Amino acid sequence: KQVVLHIVRDLLEANHWKDAPLYLSERYIQHNPMVASGRAPVMAFFGSRPEGPIPKDGEWKTKVVSVVAEDDLVIVAMVRELPKPNGEGTYTTTWFDMWRIVDGKADEHWDGATLPAVKQVVKN
Numbered sequence: 014k015q016v017v018l019h020i021v022r023d024l025l026e027a028n029h030w031k032d033a034p035l036y037l038s039e040r041y042i043q044h045n046p047m048v049a050s051g052r053a054p055v056m057a058f059f060g061s062r063p064e065g066p067i068p069k070d071g072e073w074k075t076k077v078v079s080v081v082a083e084d085d086l087v088i089v090a091m092v093r094e095l096p097k098p099n100g101e102g103t104y105t106t107t108w109f110d111m112w113r114i115v116d117g118k119a120d121e122h123w124d125g126a127t128l129p130a131v132k133q134v135v136k137n
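First residue of the sequence shown: 14, per my numbering; consecutive thereafter.
Take a look at the structure:
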């Protein structure tokens, strides 16, 4: 569980992607369709974001609801606020991420990400 909490806090929230080798295996298999597999591609995808301070417990922007571990899998449920599809405000939902841990590092990742919709333009 600790490795995954470091991923959520240190990498995803504070953007300390230089520390990714501490938490992600080199082959890191990514099942999110917007990010390529491999530690290097994941670091390149997220690494351009500005680095911030690592938050103290209780001060995380990411609201973690639960962390569940069974065998080599760790699942994190988080509160997520998203824009309403009609553009009028936001709504709150729950986001789930799951990691497979191998030799003390995250080796595989799943989440509910989908490719963004593409608006079709009809020409007259």
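In this text, a Cβ means the ideal position worked out from N, Cα and C, and glycines have one as well. Values in this document were obtained by computation on a predicted structure and should not be read as measured data.
Beta-carbon spacing of residue 87, residue 21 below 8 angstroms: No, the pair does not count as a contact, with Cβ atoms beyond the cut-off.
Looking only at its own chain, which residues have a Cβ that is under 6 angstroms from the Cβ of residue 97, when we skip the five neighbours before and after it? Once the five neighbours on either side are set aside, the close Cβ partners of residue 97 are 104.
Bridge partners of residue 114, per DSSP? Beta-bridge partners of residue 114 (DSSP): 119.
Out of curiosity, what's the CA-to-CA distance linking residue 122 and residue 102? Spanning the two alpha carbons is a distance of roughly 30 angstroms.
Going residue by residue through the region 54-115, where are the continuous beta strand (DSSP E) segments of at least 3 residues, counting only ones entirely within it? The region 54-115 contains these whole beta strand (DSSP E) runs: 77-83, 86-96 and 103-115.
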